[in-house]
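**Q** In my numbering, the protein residues as written are 47 to 347.
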Amino acid sequence: MTDDYKPCFDLFVGIDWSGAKGPRQPGLSVFAAGPGQDAPERISPPEGRYWSRQAILDYLRDESAHKSVLAGIDFAFAYPVTDENSIHCGYFPGYTNSPETAHDLWALIDRVNEDRPDFYGGGIWDHPELAAYYNAPGRRRGAAFVSRRRLTEKLAKNVKSPSPTFNCVGPAGVGTGSLAGMRALHQLSALAYIWPFDNSETASRSLHLVEIFPSYYFALAGINAVNGAHGQRENINQALAHFGSAPVCADFQANGPDHDEADALVSAAALRWFAVQPDMWSVPSDARAEGWIFGVKSAKP
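1. Would you say the stretch 159 to 169 touches the stretch 61 to 71, given that touching needs at least three Cβ pairs under 8 Å?
2. Mind checking N353: buried by the 16 CB within 10 Å criterion, or exposed?
3. Would the stretch 295 to 308 and the stretch 74 to 94 be scored as touching if the rule is three or more Cβ pairs under 8 Å?
4. Counting along the chain, where does the alpha helix (DSSP H) carrying A78 start and finish?
5. Where does T128 fall in DSSP's three states?
6. Between which two residues does the alpha helix (DSSP H) holding E336 run?
7. Report the partner residues of W97 according to the DSSP bridge assignment.
8. Run the proximity test for V158: is its beta-carbon closer than 6 Å to any non-hydrogen atom belonging to the ligand NAP?
9. Would you mind sorting R229 into buried or exposed? The rule is 16 or more other CB atoms within 10 Å of its CB.
10. Helix, strand or coil: which one does DSSP assign to L311?
11. Going by other Cβ atoms of all chains shown within 10 Å of its Cβ, with 16 needed for buried, is H254 buried or exposed?
12. State yes or no: is the C-beta of E257 within less than 7 Å of the C-beta of V127?
13. Note down the Cα distance separating S252 from S235, rounded to an integer number of angstroms.
14. When burial is assigned at 16 or more other CB atoms within 10 Å of the CB, is S331 buried or exposed?
15. Report, in whole angstroms, the separation of the C-beta atoms of S114 and C54, which I expect to be a contact under 8 Å.
16. In the DSSP output, what is H254 paired with across the bridge?
17. Spatial neighbours of Q284 within its chain, please: CB distance less than 8 Å, with the 5 preceding and 5 following residues excluded, ordered by chain position.
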């Protein structure tokens, strides 16, 4: 993407994601904001108390049918392509059929889990070869599991360090969400411009998808998002102010198992803030394979 790329959007959508098994998840949350400074607003699921992953994709399709939408989703869009010594090794080092592009990676994850409903991606932990790369639930730490990091994660750790993308265990087990997310990206790939993987030919599409890291945004605003601190209204408003947004109303409460709504809310404001900064769209060439956390500044050659 060129250094002067700066698209304009009608809607900014922050999505706190979940890879848990089941059709509807309390950890899924959606907030949206228009241009300007108004605080992002809660978007309720079309039916029931909780969102499903399919309903979120349907919402993005519907909104982008008549608006230009920038949506950020909280999961790693791809895996590292270098080893712990920064030597190129591909997504699955040593695996004969390791995909060469992110689109191929998403197709592989979807294919391995094709019998799992609701975009669940945990079927890969039973794969005879690919399971070796994951730290999976049930004390199934694969022989090839290594704490590899993407370039964007190495840069982000100066503010807030992300968890390894192949780790699927515990509170820091972001890998489960990424597996479900990659299946969702595979479904949306014909509709959306998925940054920074896609060619400029698809940049005219009305739906742009980027990877977000809510804890990073809170940290930029001086808030350590642990032990529920990010769910406190004064901290939410501090983060919103950092990203040029008006505060939430006095009776706002962030719902979700881990105040997930606070993550989606602040992320929507951060998307709006970063989107008008051309340098945020300019990332190193390796990002075409690994992805990039939107808002992390790069030292692009």
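We put the beta carbon where it would ideally sit given N, CA and C, even for glycine.
**A** Considering the structure as presented:
1. yes
2. What the structure shows of the chain is the stretch from 47 to 347, and residue 353 is not part of that stretch, so it cannot be assessed.
3. yes
4. For the purposes of this step, residue 78 is taken as residue 32 along the sequence shown, with counting starting at 1. Element bounds for A78: not the alpha helix (DSSP H) but the beta strand (DSSP E), S75 to A79.
5. Locating residue 128 in the sequence shown gives position 82, where the first residue counts as 1. Of the three classes helix, strand and coil, the one that applies to T128 here is strand, per DSSP.
6. Here the question's residue 336 lines up with position 290 in the sequence shown. A333 to E336 is the extent of the alpha helix (DSSP H) around E336.
7. As a position in the sequence shown, residue 97 is number 51, starting the count at 1. In DSSP, W97 forms a bridge with Q71.
8. Of ligands this structure carries none, so the ligand NAP is not represented either.
9. As a first step, residue 229 is located in the sequence shown; it is residue number 183 there, counting from the start. Buried, by the Cβ-count rule.
10. Position 265 of the sequence shown, counted from the start, is the residue given in the question as residue 311. Helix.
11. Locating residue 254 in the sequence shown gives position 208, where the first residue counts as 1. It counts as buried.
12. Residue mapping note: residue 257 aligns to position 211 of the sequence shown, counting from 1. Residue mapping note: residue 127 aligns to position 81 of the sequence shown, counting from 1. In this structure, V127 does not lie closer than 7 Å to E257 by Cβ.
13. As a first step, residue 252 is located in the sequence shown; it is residue number 206 there, counting from the start. As a first step, residue 235 is located in the sequence shown; it is residue number 189 there, counting from the start. When rounded, the distance between both Cα atoms is 13 Å.
14. Counting from 1 along the sequence shown, the entry for residue 331 is found at position 285. Exposed, by the Cβ-count rule.
15. The residue given as residue 114 occupies position 68 in the sequence shown. The residue given as residue 54 occupies position 8 in the sequence shown. The pair is a contact, with the Cβ atoms about 7 Å apart (cut-off 8 Å).
16. Looking up residue 254 in the sequence shown gives position 208. BP columns for H254 point to L116 and Y239.
17. For the purposes of this step, residue 284 is taken as the residue at position 238 of the sequence shown. So the qualifying residues of the chain are A267, G268 and I269.
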